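Read the structure below first, then the notes.
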Amino acid sequence: MARLENYPEAVRNHLLKLPCPNFDSTPFNRPIPMKEQRVALVSTAGLHLRGDRPFGLGDADHRLIPRDTPANRLVMSHISTNFDRTGYLQDLNVVFPLERLNDLARNGEIGSVAEYHTSFMGATEPEKMKSTVVELASVMKKDGVNTVLLVPV
Amino acid sequence: MGGLGHYFESEGIASTQISLVRVHTENIKPPRALWVPFELGRPFGAPHDPEFQFSVLRKVLGLIEHKKGPVLEDFPEDAPDFKENPAPVVCPVSFQKRDDAKELTSNWSEDFKIEIRILSNWYEVSKEIRNRTTAGVSELDVEESADLLIRFVEEETRGTVIDEGKVVDRIRRACEDLKAYYYESVSAQPGQPTDSQSLSNWFWGETRAAWVINRIREICLEEPESKHAILGKLLLVPRTELHRFQ
């Protein structure tokens, strides 16, 4: 089991030292039944369409990924070498379950899947992504998105 | 990740998330999170296990039905292919054994190229059966990536062929593409383990490609004032694998 105490010491110490942002309180919107959810995926795996701009050191912007993007159109350019990529290269759904999400919508378990999804690169302070999130949220609301699924890597 | 949850929620969109490091989520207190006991890089557990992936997905989306928060729940199952004891990767092609992680023979660059050629059939098989490759971010093919890395080791490209401002990204992306080529090739072979530990033990412990990447790391560390120094410090060899080269 990949619990923190089971990681090698160097990894554990690094993770424990990473700064976390402070928030005075937690905003909390009304509950939404799964069947009414219109879901957008937001990854921090540094994913993007092949041919789109790769992520580089310190990048805090994002890359859009359309709903029907096949797995073979996506690549990853995250700068960190300290997470496993062998799961991702065997099956994109391990990091970005767009196919599974589309299946849930087809089965009627969720309401629908957003027109566009997005990826940031996680090795960046979240404060630097805030203005981008505000802009993204505005676009998502126009698409009727009421649920964001955040997926780290 | 939890910070983004705060921002989306403040904009009026309900957010839920996977948590891979529970203590971070406890500190950040995002609106809703599902901690999963999976390794970094595998937030949905295991490749080619749709039912398991669905079970994680249903659980994390189900958190949006909670009336009060913040919510932090634990996913109760381990990833199906997680192994405490990694299995050996048995490569059916005849790799020459790398004798020592720290030293290599004078013909290392030719051995490296041979290693790449040996895997080429399996790389083509991988692309065919998976209908994709994750290599290509560098926009170089694997032979071109290898040439770039060899030239870097041989001092031909540092600050000359590669623009200093671009050296970090070019070398890093070539290394990632090289690793993708190796991992995709070996994991396409029948009967190979699919867990990260088994595959990492093979790549970092047995291949000349890993030696070349580590040699670049060492060179970068020897030039602490250079623009590519950060490659040596952070961006080439995972922390979990450094012990092999020390």
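Sequence order for the protein chains is E and X.
Residues in the first sequence are numbered consecutively from -12, following our numbering.
Residues in the second sequence are numbered consecutively from 20, following our numbering.
We treat Cβ as the ideally placed atom computed from N, Cα and C, and that holds for glycine.
It should be emphasised that the depicted structure is a prediction, and the values quoted were computed from it without experimental measurement.
Asked: Looking at chain X, which residues of the stretch 37 to 60 of chain E have a Cβ within less than 7 Å of any of its Cβ atoms?; Found: Arg37, Pro41, Gly43, Leu44, Ala58, Asn59
Asked: Would you verify that the beta carbon of X/Ile135 is, or is not, closer than 9 Å to some beta carbon of chain E?; Found: no
Asked: Chain E partners of X/Pro107, CB-CB under 9 Å?; Found: Simply none; closest approach about 15 Å.
Asked: Spell out whether any CB of chain E is found under 9 Å from the CB atom of X/Val180.; Found: For X/Val180, the pLDDT reaches just 47, beneath the cut-off of 50, and the residue's location in the model is therefore unreliable, although a value from the coordinates is still provided. No, its Cβ sits nowhere closer than 9 Å to a Cβ of chain E.
Asked: Would X/Leu254 pass as a contact of E/Ser67 if the rule is Cβ separation under 9 Å?; Found: yes
Asked: Suppose contacts are defined by Cβ-Cβ distances below 9 Å. Is E/Val26 in contact with E/Thr105 by that definition?; Found: no
Asked: Roughly how many whole angstroms lie between the Cα atoms of E/Leu91 and E/Lys4?; Found: 38 Å
Asked: When the distance is taken between beta carbons, is E/Phe83 closer than 9 Å to E/His65?; Found: no
Asked: What residues are listed by DSSP as bridge partners for X/Trp54?; Found: X/Ser38, X/Asp93
Asked: Rank X/Ala199, X/Cys194, X/Asn220 by C-alpha distance to the C-alpha of E/Asp78 and give the top, closest one.; Found: X/Ala199
Asked: Taking Cβ-Cβ distances shorter than 9 Å, what residues in chain E pair up with X/Gly81?; Found: Met21
Asked: On the three-state DSSP scale, how would you describe E/Thr134?; Found: strand
Asked: Closer than 9 Å, CB to CB, is E/Gly95 near chain X or not?; Found: no
Asked: Would you mind working out which of X/Leu59, X/Ser217, X/His25 sits nearest E/Val140, comparing C-alpha positions?; Found: X/Leu59
Asked: Run through DSSP, which three-state label would E/Arg(-10) get?; Found: coil
Asked: Thinking C-beta only, is E/Pro(-5) closer than 9 Å to X/Glu84?; Found: no
Asked: Checking contacts by CB at 9 Å: is X/Thr226 closer than that to chain E?; Found: no
Asked: So, helix, strand or coil for X/Ile32, using DSSP?; Found: coil
Asked: Check whether the Cβ of E/His104 lies closer than 9 Å to any Cβ atom in chain X.; Found: no
Asked: Between which two residues does the beta strand (DSSP E) holding E/His35 run?; Found: 34 to 36
Asked: Candidates X/Gly21, X/Tyr26, X/Phe264, X/Gly31: which alpha carbon is nearest X/Thr44's?; Found: X/Gly21
Asked: Beta-carbon separation of X/Pro66 and E/Val81 under 9 Å?; Found: yes
Asked: Nearest to X/Val42 by CA position, among X/Ser34, X/Ala33, X/Ala52, X/Thr35, is which residue?; Found: X/Ala52
Asked: Please say whether X/Asp196 and X/Asp100 have beta carbons closer to each other than 9 Å?; Found: no
Asked: For the beta strand (DSSP E) that E/Ile52 lies in, which residues bound it at each end?; Found: 50 to 53
Asked: Is DSSP giving X/Leu159 helix, strand or coil here?; Found: coil
Asked: Could you check whether X/Ala98 and X/Phe71 sit closer than 9 Å to each other, using their CB atoms as the reference points?; Found: yes
Asked: Return the residues of the stretch 47 to 61 of chain X that lie within a Cβ-Cβ distance of less than 8 Å from chain E, sorted by chain order.; Found: Ile47, Lys48, Pro49, Pro50, Pro56, Phe57, Glu58, Leu59, Gly60, Arg61
Asked: Use the C-beta contact count for E/Ile97: other C-beta atoms within 10 angstroms, 16 or more gives buried, fewer gives exposed.; Found: buried
Asked: With 9 Å set as the bound, which would you pick, yes or no: does the beta-carbon of E/Ser64 sit closer than that to a beta-carbon of chain X?; Found: yes
Asked: Checking 9 Å against the spacing of the C-beta atoms, do X/Ile32 and E/Val135 come in under that value?; Found: yes
Asked: Would you kindly work out how many angstroms separate the C-alpha atoms of X/Glu244 and X/Val55, rounded to a whole number?; Found: 40 Å
Asked: Let me know if X/Gln265 comes out buried or exposed under the rule of 16 or more other beta-carbons within 10 Å of its beta-carbon.; Found: exposed
Asked: Tell me, please, whether the CB atom of X/Gly24 is closer than 9 Å to any CB atom in chain E?; Found: yes
Asked: Please give the ranges of any beta strand (DSSP E) in the stretch 197 to 224 of chain X, keeping only runs that are unbroken, at least 3 residues long and fully inside the region.; Found: none
Asked: Counting only beta-carbon separations shorter than 9 Å, does E/Asn89 have a partner in chain X?; Found: no
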